[in-house]
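Q:
Chains as they are written, first to last, in my numbering: chain E, 137 to 549; chain X, 137 to 549.
1) So, for residue 414/E: in the same chain, excluding its five sequence neighbours on each side, which residues have a beta-carbon less than 6 Å away from its beta-carbon?
2) Kindly indicate which residue of 255/E, 436/E, 508/E and 495/E has the alpha-carbon position closest to the one of residue 475/E.
3) Check distances from the C-beta atoms of the segment 179-203 of chain X to those of chain E and list, in chain order, the residues that come in under 9 Å.
4) Could you name the residues of chain X that residue 501/E contacts, counting a contact when the two beta carbons are closer than 8 Å?
5) Name, please, each residue of chain E whose Cβ falls closer than 9 Å to the Cβ of residue 424/X.
6) Using a Cβ cut-off of 8 Å, which residues of the segment 370-401 of chain X contact any Cβ in chain E, in chain order?
7) Since residue 247/X and residue 207/X are thought to touch, with beta carbons under 8 Å apart, how far apart are those beta carbons, to the nearest angstrom?
8) Kindly indicate the opening and closing residues of the alpha helix (DSSP H) around residue 239/E.
9) To the nearest angstrom, how far is the alpha carbon of residue 523/X from that of residue 493/X?
10) Closest to residue 380/X by C-alpha separation, out of 412/X, 531/X and 315/X, would be which residue?
11) Is residue 389/E helix, strand or coil by DSSP?
12) If you measure beta-carbon to beta-carbon, which residues of the segment 258-271 of chain E are closer than 9 Å to chain X?
13) Just confirm the distance between the C-beta atoms of residue 205/X and residue 185/X, as a whole number of angstroms; I'd bet it's less than 8 Å.
14) At a Cβ cut of 7 Å, what residues of the segment 512-541 of chain X count as close to chain A, listed as they run along the chain?
15) Are the beta-carbon atoms belonging to residue 425/E and residue 145/E less than 8 Å from one another?
16) Out of curiosity, what's the CA-to-CA distance linking residue 345/E and residue 377/E?
17) Candidates 441/E, 287/E, 416/E and 261/E: which alpha carbon is nearest residue 527/E's?
18) Let me know the secondary structure DSSP gives residue 327/X once reduced to three states.
19) Just grab the DSSP bridge partners of residue 463/X for me.
20) Consult DSSP for residue 550/E and reduce its assignment to one of helix, strand or coil.
21) Look up residue 486/X in the DSSP assignment and give the residues it is bridged to.
22) When DSSP builds the beta bridges, which residues end up paired with residue 187/E?
23) Can you give the Cα-Cα distance for residue 249/X and residue 242/X, rounded to whole angstroms?
24) Can you check DSSP and say which residues form a bridge with residue 304/X?
25) When Cβ atoms are compared, which residues of the segment 233-247 of chain E fall closer than 8 Å to chain X?
26) What are the residues that DSSP puts in a beta bridge with residue 527/X?
27) Give every residue of the same chain whose Cβ lies closer than 8 Å to the Cβ of residue 385/E, excluding the five residues on either side of it in the sequence, and list them in chain order.
28) Please list the terminal residues of the continuous alpha helix (DSSP H) segment that includes residue 408/E.
29) May I ask you to list, following chain order, the residues of the segment 477-493 of chain X that have a beta carbon less than 8 Å from some beta carbon of chain E?
30) Looking only at its chain, what residues have a beta carbon closer than 6 Å to the beta carbon of residue 328/X, apart from the 5 residues adjacent to it on each side?
31) For residue 465/E, which residues in chain X fall below 7 Å Cβ to Cβ?
32) Under a three-way DSSP split, which group does residue 165/X fall into?
33) Under 8 Å, do residue 404/X and residue 355/X count as touching if we go by C-beta distance?
34) Use the C-beta contact count for residue 306/E: other C-beta atoms within 10 angstroms, 16 or more gives buried, fewer gives exposed.
35) Counting only Cβ-Cβ distances shorter than 9 Å, please list the residues of the segment 428-460 of chain X near chain E, keeping chain order.
36) Rounded to a whole number of angstroms, what is the C-alpha to C-alpha distance between residue 330/X and residue 176/X?
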């Protein structure tokens, strides 16, 4: 299915992803939907592991989302295993889909000898296709767990993604080293109203679920909540963070604002920004990576809204695809965002560091060749200052190309 | 510039558009931006003509929009002429652009011997390009006015449109016949937050500006405010209605809710729906015309929001382009609309009259071939009932094809 060329924005190689004490995983080809490729990832966690999660805000969530939401609440954040299927999202599948999800969780819980509440499920792929759990259940018998092999794990959860996405960081808590490793997948339906696509972040720090929850939400605001590909939100988005506590020598942490977490917080945020940006770099059909920064907005929410309106404008995104520094479309998108004042003569727009607009029109010294040179590249930077306040936000996105249409017009056929 | 093939959704011919007493117009090739085609339309109205208008809500409006807003306020709705340029929107052109707009209005007012407040200006085309009024001013000397030739008038205001858009109706007020004729142009940047693209509606009814204003807003809500192509809103959108009063034999009308206007109101609405749907049929790259109807929403605003979210979802629009009855994407779009309740098991979705979803998943008797047969056609009907209330809305849109990308990635080059 995924014979697409690798995104030109892909990193040169999968990063050196560290094993996380307390995390083992197994990968298999269940044949659920794809043939001849891995499509199942099961992660096993040591006793005592805790989890936090962000799930799609969609009102039509998939069965795995419903299951995981209930499991998190019932377990108080305890977790022993995660199962991820690729190819069939088990969403909009009615009561049969929910029963299928339950059967997966029950089978896995029985093998691991834990409660079903300690299982989390995720799935990605086609929506509304009947989900037959049989091939997955049959596969559970032959799983072989290991603590390494992150690239294979990241590949197993891909759908239309063109490269596996991973990142790893070392941090210190209280002077003691801990590992953070994460994997993710996109690559359409990326608009984080809440959580977004699938991303799994693992650490061997020993952190209670409520602390994890605060850390995860804060880092998500600056990473997965700041990206967009097409403005669509999936039925199946999940961002899960697991802390195993295995081999963690730091003293107990009880509060998310504990200053001993400062470095960990920074490394976690960096890792999640890395994963989120990779997801954008693998946006369907993406040929260019775009950072839209809005400053001088009346507040941060307004800055985000303006930045998202620019980043999601089909006219802006197609102009970028064409290498056209069409600053008029950028201004027009901001103008219709609903989050700006009347006096656009105060706005200053630059493209790739080239000052373009000031005083309500192009600067007298603006030379289009300079902006066009920047737009010909792979990494596009758009900055708009509104001159209204102190609100700032950056949103990352990609261009909108014919390949996006090809992928999405033909996805099921 | 516009060598694109005519939209397959185009009407077979330009309608039989009636002359409107009190309206004369002239068309010319000014050479402002295009070569070898008409790009200037000037309409002259008899003394006593009155106007109402809806303008873009964009906070970066073009100079013609700023001019027309001020002129409408200063004149109390009196109007003697309208000038429309195609090719250069005179938007985001700073003080020089505003001065250029003023110079056009002054020259036209001098020729017609009216106040500049009785002029309205509109423009469409590239944003942010310096607007040199000289070629247009030079053309004013050689205009030849006539009361017929609507297809040529409609062609003169086209940009990436592939066919000229017009409609005409006869109505009776108080037993006396009046004419309504309108022209419009799209064809990207179609998302009516307020007015949308350019549409000009003329009648020889004798109606004061405040009555016109009420009629226009009401009809716009059911026509131009119910269409979307790409979710973008232009800097230059204008919907203008002019009532000349010439040869109108009906008794004076002072209130928009006068029952003697019932037939006129209905005909006006029908004409504006016709124009609006033609705009969608000429949406950039459109291959299919789509009607999205949402019923059972908690109120009309919620129904509109759900319908617009479906109609603007890139994943829904690309699936339609591919002829794929991908109902999961439709449900998922509704699910993220922010205007639906939690119980999607109550929703009923049909595609082309084929019942598809019920009880949270596909109906047991759903056969995809039936929906696929409908999706293979040119006219797509999507109906979603939410079972929550009495809110209803229909939104018209088109599919999203590779041609949209081509047009917009290359528009300026």
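Note that CB positions come from ideal geometry on N, CA and C, so glycine has one too.
A: On the basis of the data shown:
1) Taking the first chain and counting its residues from 1, the one referred to as residue 414/E is at position 278. Excluding residues within five positions, the ones whose Cβ falls inside 6 Å are 301.
2) Counting from one through the first chain, the residue named residue 475/E turns up at place 339. The residue with the shortest Cα to Cα distance from residue 475/E is 436/E.
3) 192, 193, 194, 195, 196 and 197
4) Within the first chain, the letter at position 365 stands for residue 501/E. By Cβ distance, chain X contributes nothing, its closest Cβ being about 14 Å from residue 501/E, past 8 Å.
5) Looking up residue 424/X in the second chain gives position 288. Here the premise fails: no neighbours, minimum Cβ distance about 11 Å.
6) 370 and 371
7) Numbered from 1 along the second chain, position 111 holds the residue referred to as residue 247/X. Numbered from 1 along the second chain, position 71 holds the residue referred to as residue 207/X. Wrong, their Cβ atoms sit about 16 Å apart, outside the cutoff.
8) Locating residue 239/E in the first chain gives position 103, counting from the first residue. It spans 230-248 - the alpha helix (DSSP H) in which residue 239/E sits, taken as one unbroken run.
9) Locating residue 523/X in the second chain gives position 387, counting from the first residue. Locating residue 493/X in the second chain gives position 357, counting from the first residue. Roughly 13 Å between the two C-alpha positions.
10) Here residue 380/X corresponds to residue number 244 of the second chain, with the count starting at 1. The candidate whose alpha carbon is nearest that of residue 380/X is 315/X.
11) For the purposes of this step, residue 389/E is identified with residue 253 of the first chain, where counting begins at 1. Note: residue 389/E maps to coil in three-state DSSP.
12) 262, 263, 264, 265 and 266
13) Mapped onto the second chain, residue 205/X falls at position 69. Mapped onto the second chain, residue 185/X falls at position 49. That belief does not hold up - the Cβ atoms of residue 205/X and residue 185/X are roughly 18 Å apart, past 8 Å.
14) In the structure shown, chain A does not exist; the protein chains are E and X.
15) As a first step, residue 425/E is located in the first chain; it is residue number 289 there, counting from the start. As a first step, residue 145/E is located in the first chain; it is residue number 9 there, counting from the start. Yes, the pair counts as a contact, with Cβ atoms nearer than the cut-off.
16) Translated into positions along the first chain, residue 345/E becomes position 209. Translated into positions along the first chain, residue 377/E becomes position 241. Going by the C-alpha atoms only, they are around 9 Å apart.
17) Taking the first residue of the first chain as 1, we reach residue 527/E at position 391. Checked all of 441/E, 287/E, 416/E and 261/E; the closest Cα to residue 527/E is 441/E.
18) Looking up residue 327/X in the second chain gives position 191. In this prediction, residue 327/X scores a pLDDT of 48, lower than 50, which makes its location untrustworthy; the coordinate-derived value is nonetheless stated afterwards. DSSP places residue 327/X in coil when its eight states are reduced to three.
19) As a working mapping, residue 463/X is identified with position 327 in the second chain. For residue 463/X, which the question treats as bridged, DSSP gives no partner whatsoever.
20) Residue 550/E is absent from the model: chain E starts at 137 and stops at 549.
21) Here residue 486/X is taken as the residue at index 350 of the second chain, counted from 1. The partner list for residue 486/X (beta bridge, DSSP) reads 491/X and 519/X.
22) Here residue 187/E is taken as the residue at index 51 of the first chain, counted from 1. Residue 187/E pairs with 378/E.
23) To locate residue 249/X, count along the second chain from 1; it is residue 113. To locate residue 242/X, count along the second chain from 1; it is residue 106. Straight-line Cα distance between these residues: approximately 10 Å.
24) On the second chain, position 168 is the one that residue 304/X refers to. BP columns for residue 304/X point to 317/X.
25) 233
26) Reading the second chain from its first residue, position 391 is the one you call residue 527/X. Residue 527/X pairs with 433/X.
27) Stepping through the first chain from its first residue, residue 385/E is reached at position 249. Once the five neighbours on either side are set aside, the close Cβ partners of residue 385/E are 312.
28) Locating residue 408/E in the first chain gives position 272, where the first residue counts as 1. Per DSSP, residue 408/E belongs to the alpha helix (DSSP H) from 398-417.
29) 477, 478, 480, 481 and 493
30) If you number the second chain from 1, residue 328/X lands on position 192. Because the pLDDT of residue 328/X is 42, which lies under 50, any placement of that residue in the model is unreliable, and the number read from its coordinates should be weighed accordingly. The answer, listed in chain order, is 360 and 361.
31) Counting from one through the first chain, the residue named residue 465/E turns up at place 329. Chain X residues near residue 465/E: 263.
32) Within the second chain, residue 165/X is the residue found at index 29, counting from 1. Residue 165/X falls in the coil class under three-state DSSP.
33) Taking the second chain and counting its residues from 1, the one referred to as residue 404/X is at position 268. Taking the second chain and counting its residues from 1, the one referred to as residue 355/X is at position 219. Yes, Cβ-Cβ distance for residue 404/X and residue 355/X is below 8 Å.
34) Along the first chain, read from residue 1 onward, the residue named residue 306/E stands at position 170. Per the 10 Å Cβ criterion, exposed.
35) 448, 449, 450, 451, 452, 453, 454, 455, 456, 457, 458, 459 and 460
36) In the second chain, the residue the question calls residue 330/X occupies position 194. In the second chain, the residue the question calls residue 176/X occupies position 40. In this predicted model, residue 330/X has a pLDDT of only 30, less than 50, meaning its place in the structure is not dependable; the value taken from the coordinates is given anyway. About 25 Å.
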